[in-house]
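**Student:** For the sequence shown, the numbering used here assigns the number 4 to the initial residue and increments by one for each residue that follows.
Structure in structure tokens, see below.
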Amino acid sequence: MPDSEKNIAASLTVAVLADSRGLDTYYLNPQYPAGYGIDRVFATQLSHRFRSGETSPAYDAVLIPDHFRAGALQSKILRLALTDPAAVILCDGIWETLLNREKHFQRAEELGRLPVGLFGDESPSNWERAGTVLTELFAEGALDVSPARYRENLDPIVGYFARRRRRVYWLSLPVPPPEHRGGVHFAGNYRPLPGWDLCMQAINEAAEACLSSWGQNVIFLDPLVERIGGADKALLDLWHFTPEFHDLLATDLAERLPRDLADTPLRDRHPSQGAMIAGRTEGWPIVDLGRELADKDIETLRDSLLVVSNSDEARALLSRCHESVVILFPEEV
Numbered sequence: 004m005p006d007s008e009k010n011i012a013a014s015l016t017v018a019v020l021a022d023s024r025g026l027d028t029y030y031l032n033p034q035y036p037a038g039y040g041i042d043r044v045f046a047t048q049l050s051h052r053f054r055s056g057e058t059s060p061a062y063d064a065v066l067i068p069d070h071f072r073a074g075a076l077q078s079k080i081l082r083l084a085l086t087d088p089a090a091v092i093l094c095d096g097i098w099e100t101l102l103n104r105e106k107h108f109q110r111a112e113e114l115g116r117l118p119v120g121l122f123g124d125e126s127p128s129n130w131e132r133a134g135t136v137l138t139e140l141f142a143e144g145a146l147d148v149s150p151a152r153y154r155e156n157l158d159p160i161v162g163y164f165a166r167r168r169r170r171v172y173w174l175s176l177p178v179p180p181p182e183h184r185g186g187v188h189f190a191g192n193y194r195p196l197p198g199w200d201l202c203m204q205a206i207n208e209a210a211e212a213c214l215s216s217w218g219q220n221v222i223f224l225d226p227l228v229e230r231i232g233g234a235d236k237a238l239l240d241l242w243h244f245t246p247e248f249h250d251l252l253a254t255d256l257a258e259r260l261p262r263d264l265a266d267t268p269l270r271d272r273h274p275s276q277g278a279m280i281a282g283r284t285e286g287w288p289i290v291d292l293g294r295e296l297a298d299k300d301i302e303t304l305r306d307s308l309l310v311v312s313n314s315d316e317a318r319a320l321l322s323r324c325h326e327s328v329v330i331l332f333p334e335e336v
């Protein structure tokens with residue numbers, strides 16, 4: 004095997020799927036307190052720390068710029084899977100919380116919850132009323148965005164890698180005080196409605212429930228915001244990170260991930276090596292729970308690809324199966 008292939012086989016990759024908080028470099032608006040390029044974002048900084056470190060095995064980080072609302076979820080999964088990640092970090096969720104859009108006002112009007120014509124009216128009483136109603140509709144699932152729908156989008160991504168025994172992390176949404184930066188997002192002068200903090204908290208709770216159901220991890224960013232000195236030090240606007248916060252987050256991840264992944268098998272020894280891409284199953288015996296394996300034999304199974312019918316079955320079996328057992332769906336075999 005060439006040295007380059009040996010080096011890859013003896014390393015672990017962390018794949019970062021990040022929305023604009025992990026990528027955007029357009030901070031040329033003079034309202035922003037700082038401007039920076041992609042070299043300063045946390046995924047790039049994490050890669051630098053891994054490459055300059057002395058960890059064994061070696062680690063690297065790969066940035067995939069995207070968010071769940073853009074295109075099919077399967078394309079996100081495939082792009083992550085092609086990196087053969089030991090861990091996946093998901094930085095997403097902001098856009099689902101932004102309710103100051105005409106279509107949401109129209110939906111509230113259709114439901115009889117708001118009078119016609121409030122969109123664009125920022126007089127204090129109407130602004131407060133719209134925020135209260137739309138936040139309620141968001142929580143109820145009456146809009147085309149909601150905590151429940153976000154969890155539905157998040158679940159297939161988390162489950163895909165959890166079933167293949169890879170670690171998954173979701174970065175929580177920091178919740179700044181309402182008066183932060185004047186309550187205005189400078190790109191487009193976007194002003195979230197009253198209740199935006201409740202929407203972010205609801206997304207955080209939905210994501211935490213999803214990750215927990217698969218035995219995976221949420222990294223809560225609010226403590227890091229406090230550590231750096233609060234929202235003014237951590238956030239350029241209402242949600243984009245300052246260069247200093249990117250740096251702190253990269254440092255935290257560089258310390259956390261090697262510790263968490265210490266027992267992760269190397270690429271060429273991982274049980275899901277032959278099944279990382281759906282539809283390709285090579286080198287490992289395939290066992291169908293419905294036809295070939297009794298429930299009582301679950302605990303004794305080793306080094307196998309176990310086929311189950313749905314996510315609920317998979318979640319229930321993950322903790323019961325040995326860590327060398329990968330769980331697949333029929334369409335992935």
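Backbone N, C-alpha and C fix where the C-beta goes; we use that ideal spot for every residue, glycine too.
None of the values given here were measured: they were computed from a predicted structure.
Taking only the alpha-carbon atoms, compute the straight-line gap between glutamine 276 and isoleucine 97 and give it to the nearest angstrom.
**Tutor:** Between glutamine 276 and isoleucine 97, the C-alpha separation is close to 33 angstroms.
**Student:** Using only CA atoms, which one of Cys202, Lys299 and Thr16 lies nearest to alanine 84?
**Tutor:** That would be Thr16, whose Cα lies nearest to the Cα of alanine 84.
**Student:** Determine the direct distance from the alpha carbon of valine 148 to that of histidine 107, and round the result to whole angstroms.
**Tutor:** Going from the Cα of histidine 107 to the Cα of valine 148 covers about 9 angstroms.
**Student:** Hey, out of Leu292, Phe223 and Pro268, whose CA is closest to serine 312's CA?
**Tutor:** The shortest C-alpha separation from serine 312 is found at Leu292.
**Student:** For valine 91 versus phenylalanine 164, is the C-beta distance shorter than 8 angstroms?
**Tutor:** A contact, by the Cβ cut-off of 8 angstroms.
**Student:** Determine the burial state of aspartate 6: buried for a count of at least 16 other Cβ atoms within 10 Å of its Cβ, exposed for fewer.
**Tutor:** Only weak support is given to the placement of aspartate 6: the predicted model assigns it a pLDDT of 42, under 50, and the question is left unresolved by the model.
**Student:** In this structure, does DSSP put threonine 16 in helix, strand or coil?
**Tutor:** Strand at threonine 16.
**Student:** Quick check: what's the CA-CA separation for isoleucine 11 versus aspartate 124?
**Tutor:** Confidence at isoleucine 11 is low in this model, with a pLDDT of 45, below 50, so the placement of that residue is unreliable and no value is reported for it.
**Student:** Along the alpha helix (DSSP H) that carries tryptophan 199, what are the first and last residues, could you check?
**Tutor:** Looking at the DSSP string, the run of the alpha helix (DSSP H) that includes tryptophan 199 is 199 to 216.
**Student:** Quick check on DSSP: helix, strand or coil for arginine 170?
**Tutor:** Arginine 170 falls in the strand class under three-state DSSP.
**Student:** When we look at the beta-carbon of serine 80 and count the other beta-carbons within 10 Å, is it buried (16 or more) or exposed?
**Tutor:** Looking at the sequence provided, one finds isoleucine at residue 80 rather than serine. So isoleucine 80 counts as buried.
**Student:** Within 10 Å of its beta-carbon, does isoleucine 41 have 16 or more other beta-carbons around it, so buried, or fewer, so exposed?
**Tutor:** With fewer than 16 other Cβ atoms within 10 Å, it is exposed.
**Student:** Bridge partners of leucine 309, per DSSP?
**Tutor:** According to DSSP, which records beta bridges pairwise, leucine 309 is partnered with Val290 and Ile330.
**Student:** How far does the beta strand (DSSP E) with valine 136 in it extend, from its first residue to its last?
**Tutor:** Taken as a continuous stretch (DSSP letters only), valine 136 belongs to no beta strand (DSSP E), being part of the alpha helix (DSSP H) at 127 to 143.
**Student:** May I have the straight-line CA-CA distance separating alanine 317 from lysine 299, to the nearest angstrom?
**Tutor:** Straight-line Cα distance between these residues: approximately 16 angstroms.
**Student:** Can you name the residues that DSSP bridges to tyrosine 39?
**Tutor:** Partner(s): none; tyrosine 39 has no beta bridge.
**Student:** Which whole-angstrom value describes the C-beta separation of cysteine 213 and arginine 154, a residue pair presumed to lie in contact below a C-beta threshold of 8 angstroms?
**Tutor:** Sure, about 5 angstroms apart at Cβ, within 8 angstroms.
**Student:** Going by alpha carbons, who is nearest to isoleucine 301 out of His243, Glu326 and Trp287?
**Tutor:** Residue Glu326 is the option with its Cα nearest to isoleucine 301.
**Student:** Helix, strand or coil, according to DSSP, for leucine 224 in the structure here?
**Tutor:** Note: leucine 224 maps to coil in three-state DSSP.
**Student:** Below 7 angstroms CB to CB, which residues in the same chain sit around methionine 203 once its five sequence neighbours on both sides are set aside?
**Tutor:** Here the set comprises Thr100, Leu176 and Val178.
**Student:** Could you please give the first and the last residue of the uninterrupted alpha helix (DSSP H) stretch that includes aspartate 250?
**Tutor:** Looking at the DSSP string, the run of the alpha helix (DSSP H) that includes aspartate 250 is 246 to 263.
**Student:** Going by DSSP, what residues sit across from alanine 90 in a beta bridge?
**Tutor:** Partner(s): Val17 and Arg170.
**Student:** Please name the residue or residues paired with tyrosine 193 in a DSSP beta bridge.
**Tutor:** DSSP, once it has assigned bridges, lists His188 as partnering tyrosine 193.
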